[in-house]
Structures are given as structure tokens and as C-alpha cells.
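Visitor: Quick note on numbering: the sequence shown equals residues 1 to 397 in UniProt numbering. Where a beta carbon is used, it is the ideal one built from N, C-alpha and C, also for glycine. Before I ask anything, here is the structure I am working with.
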Amino acid sequence: MNPTQLILLLFVGYLVFSLDKKQENIPVPPVLVIIGIGLSFIPFFNSVDLTETILYDIFLPALLFISAYRYSPKSLKEHAGLIAVLSTIGLLFTAILFGVITFFIGGIVVPITFLGAMIVASILTPTDPVSVVSILKQSADNPKIADVVEGESMINDGTSVVLFTFLSGMFIHDKNLSLTSFINEFLLVSLGGIVLGIFCGWAVSKAVHFTHHKEYQVMLSIILAYGIFLIAEHIGVSGVLATVSAGIMLSWEFGHTNKEDHYRESLDGFWDIVEPTILSLVFLLIGIEASGYLVFDYWYLSILIFLASLLIRYIVMIGTIKLFPAWRRELSGREIALISWSGIKGTMSVVLILTLQAESSAEGTDILLSLSFSVVLISLIVQSLGIFPLSRALLKK
Numbered sequence: 001m002n003p004t005q006l007i008l009l010l011f012v013g014y015l016v017f018s019l020d021k022k023q024e025n026i027p028v029p030p031v032l033v034i035i036g037i038g039l040s041f042i043p044f045f046n047s048v049d050l051t052e053t054i055l056y057d058i059f060l061p062a063l064l065f066i067s068a069y070r071y072s073p074k075s076l077k078e079h080a081g082l083i084a085v086l087s088t089i090g091l092l093f094t095a096i097l098f099g100v101i102t103f104f105i106g107g108i109v110v111p112i113t114f115l116g117a118m119i120v121a122s123i124l125t126p127t128d129p130v131s132v133v134s135i136l137k138q139s140a141d142n143p144k145i146a147d148v149v150e151g152e153s154m155i156n157d158g159t160s161v162v163l164f165t166f167l168s169g170m171f172i173h174d175k176n177l178s179l180t181s182f183i184n185e186f187l188l189v190s191l192g193g194i195v196l197g198i199f200c201g202w203a204v205s206k207a208v209h210f211t212h213h214k215e216y217q218v219m220l221s222i223i224l225a226y227g228i229f230l231i232a233e234h235i236g237v238s239g240v241l242a243t244v245s246a247g248i249m250l251s252w253e254f255g256h257t258n259k260e261d262h263y264r265e266s267l268d269g270f271w272d273i274v275e276p277t278i279l280s281l282v283f284l285l286i287g288i289e290a291s292g293y294l295v296f297d298y299w300y301l302s303i304l305i306f307l308a309s310l311l312i313r314y315i316v317m318i319g320t321i322k323l324f325p326a327w328r329r330e331l332s333g334r335e336i337a338l339i340s341w342s343g344i345k346g347t348m349s350v351v352l353i354l355t356l357q358a359e360s361s362a363e364g365t366d367i368l369l370s371l372s373f374s375v376v377l378i379s380l381i382v383q384s385l386g387i388f389p390l391s392r393a394l395l396k397k
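Put into C-alpha cells, the structure is as follows:
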């Protein structure tokens, strides 16, 4: 991507965000994806290429840090149990059910192994709330809905990467399944990332006092967002969970006293600019990249898999919440349905698709990539555009 293409994409993003003044009815990401698909047919953008490195190492750490830093520590404390269960046990149950259904549905039409179906499930399990959280906050009276959706997404981004890495290792390198090794790896990578993030977030919250220059404090937050991600990935723990934990810890430390308000003002001002900038590029690039997957013979299969994903997420969600009386009292059946619909496949799913594309030359990889990307596109567009009317219908507001 050359500088001219970059500036033009940013300008398109600026126009879309500027026209969406209310930012409550029509989510911006699916609009950007559709525009990106249109741009892919213009020869000038033929050389634009979205890689796993660009998305995972450059864009993702900033988006994760922004979400975590803004997420209310009070909300996390209030919903920690539900978020933890949905992002771990719930995620594993979702992936297993999704893999089984994908294997049986897909096996009728295309040659797909059970392991291949499980990889598709692991790719499509992480959720991306960026399209819907602002709408949920506007249209839902119960703030718990947006809090649970956003909190679950931050954590399951990390746990889904661990699951995908384990399954893709089996697929690419023909490893044998070992439940013990998976549990050990899952706990080590996940907990290691969380502990590292908490420590570094706490350390930066103290280090920020060494200078009163706002620009240097902002620089320190950038170092935290990207540095902790790179360190975690280098030592073999979850960079996603490390960045999320660091952002939450920094926010929690700043929330102890009003003396930290001027730090928040500086950081908020900077990251408020970074977020729409990166989101514009990410979703436009996803749209441009999607053009290579539009000519696909099995769209009807993708639609069936998408519908199955909605049903499975609802079953796991309502089963988890109804199992515990405290959670059951907090959320009604309609609110659970809305949370289920809000589990949109987005940035992390595309990261995993691009990772598989770069690392695997195994037989059957192409069909896994096409199925996964087409379901992500359907989810991004249908669920994002449907969230506002659905929230109005379910919550009768």
C-alpha cells in the first residue's frame, strides 16, 4: 500500500464517519466493508494487500488497548464471572458444537475433515463488538448488555487465538490431539498473558508520574500498547490478553483518584483520534481483501453455517446464563437474544484467516478460507445492520 492509497482510504473513512453524525442507527464498519469491496474493482487499488502482519501486529494492539482502557473497571468487576465463563468454557463449547455442525453440514457438499471443520469454528468463534456497542448503549436501557458484549469480546479474542493456534498446528503439522497438552497450553498462554499485562499496566501507571509533559505520557501509552503485545508474543504467551489486561489495569489505577484526570484527558484525546483512523483502514482493507472470495460456489453453505453459528451462540449463551440464578435475574430472555446476535465476526476472525492462508499449504485449506471469509462477510453486514432494528423490536423502546 503506497502513501497515496493510504491517504485516499483515510479520506474515505473520514467521509463515512462524518456523514454518520448520530452514530447510533447505522454502524460504520459494514458500510466501510461494502465500500472496500467496491474499491477493489478500481485498478488503482489492485496493489493494496491486507496481510496478517499488518492486521495483527500493527492495527490490532491499538484497537485492543483502546477497548480495554475505555472499559469500565467497575463493569468488569460486576460481570467478571459471566465474562470469564463465556470467554473460556463457553467459547470451547461453542467451538465444539460449531465444529460438529459445520462438519455435518459441510461434509454433504464439500470435502471437509472434522479437524478442518473445527478450524473453521475456531476462526468464527471470536466476536467483534465495534459495530454494535455504541448502538447498544443508545438503544438498550440495560447497560449490562453492552458491558457483557464488549467484555466478552476482549477476552475471547485472546482465548480464541490459543484454540486456533493449537488446532492449526494439528492441521498444518499433522500433530496428534492431546487434551492434556491443550489444557496446559491454554492455561499457560492465557494466564501468562494476563499476569504480564497486569504487571506492566501497573508499572506504567506509576511511571507516568515521572513527567508532566502530556506528549510524553501519550508516548508511554503507545509503548505500553505495542510493547506489551510484542513482548508477550515473543515469550510465548497471549499478546492479546496481555494488551487487554494492561489497558484495564492502567484504567483501574487511574480510577483510584481524581488526581489522574489530566492523564486521562491526554490519553483520551490521542486515542480518540487513533481509533476511527485505524477502524477506517481495517474495514476498508477487509472489504478490498474480500473481493478475492466473492466468486465462490458455496455461498448457500456459508449462509447455512452463518445461521448455525447464530443458533449455537444463543444456545450456549442462554444455557450459561440460565445455569446461574444471579445471572438469570440480571438478563431477560430477550436481552440474552440481543447479546447473542451481537456476537459479530470481525477483525480477529480475519486475522486468523490470513494466518491460516500464510502458514498452511495443506490440502483443503482453500475451501476452509473461502467458507470462513464468506461467513465473516455475512456476519459483518447482516448482524451489524440488523442490530438497531432488532434491539428496538426486542426491547420495545
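How would you label Thr-4, buried or exposed, when you count the other beta carbons within 10 angstroms and need 16 or more for buried?
Guide: So Thr-4 ends up on the exposed side.
Visitor: Helix, strand or coil for Met-154, going by three-state DSSP, please let me know.
Guide: DSSP places Met-154 in helix when its eight states are reduced to three.
Visitor: Looking only at C-alpha atoms, which of Ile-288, Val-316 and Phe-229 sits nearest to Leu-63?
Guide: Leu-63 has its Cα closest to that of Phe-229, out of Ile-288, Val-316 and Phe-229.
Visitor: So, are the CB atoms of Val-133 and Glu-150 less than 7 Å apart?
Guide: In contact: Val-133 and Glu-150 (Cβ atoms closer than 7 Å).
Visitor: Rounded to whole angstroms, what is the Cα-Cα separation between Lys-137 and Ser-67?
Guide: Lys-137 and Ser-67: Cα-Cα distance of roughly 15 Å.
Visitor: Give a yes or no on whether the C-beta atoms belonging to Leu-385 and Pro-30 are separated by under 7 Å.
Guide: Contact: yes.
Visitor: Please report the distance separating the alpha-carbon of Leu-6 from that of Pro-325.
Guide: Their backbone Cα atoms lie some 51 Å apart in a straight line.
Visitor: Decide if Ser-18 is buried, meaning its Cβ has at least 16 other Cβ atoms within 10 Å, or exposed.
Guide: Classification for Ser-18: exposed.
Visitor: Does the separation of the CB atoms of Leu-124 and Ser-349 fall below 7 Å?
Guide: Yes. Within cutoff.
Visitor: Could you check which residue in Leu-224, Arg-392, Ile-381 and Leu-10 has the C-alpha nearest to that of Gly-197?
Guide: Taking only the C-alpha atoms, the option nearest Gly-197 is Leu-224.
Visitor: Taking the continuous alpha helix (DSSP H) assigned at Pro-73, which residues delimit it?
Guide: Segment 73 to 87, the alpha helix (DSSP H) holding Pro-73.
Visitor: Using a Cβ-Cβ cut-off of 7 Å, state whether Ile-353 counts as contacting chain B.
Guide: The question asks about chain B, but that chain is absent: this structure has only one protein chain.
Visitor: Give the C-beta separation of Leu-377 and Ala-290 to the nearest angstrom, bearing in mind that I take them to be a contact with Cβ-Cβ under 8 Å.
Guide: With a Cβ gap of about 6 Å, Leu-377 and Ala-290 count as contacting.
Visitor: Please name the residue in Pro-389, Gly-346 and Gly-227 whose C-alpha comes closest to that of Pro-126.
Guide: Per the Cα distances, Gly-346.
Visitor: Residue range of the alpha helix (DSSP H) that Ser-245 falls in?
Guide: Run containing Ser-245: 239 to 254, per the alpha helix (DSSP H) assignment.
Visitor: If Phe-164 sits next to Glu-185, beta carbons under 8 Å apart, how far is it from one beta carbon to the other, in whole angstroms?
Guide: Not really, about 12 Å apart at Cβ, beyond 8 Å.
Visitor: Rounded C-beta distance between Ile-101 and Ser-168? I'm assuming under 8 Å.
Guide: Rounded, the Cβ-Cβ distance is 20 Å, inconsistent with contact.
Visitor: What did DSSP end up calling Asp-174 once you bin it into helix, strand or coil?
Guide: Residue state, collapsed to three classes: coil.
Visitor: If distances are taken between C-alpha atoms only, which option among Leu-331, Val-351 and Pro-129 comes closest to Leu-60?
Guide: It is Val-351 whose Cα lies nearest to the Cα of Leu-60.
Visitor: Grab me the residues of Val-16's own chain with a C-beta within less than 8 Å of its C-beta, minus the 5 sequence neighbours each way, in chain order.
Guide: Cβ within range, chain order: Val-28, Val-31, Leu-32, Ile-35 and Ser-280.
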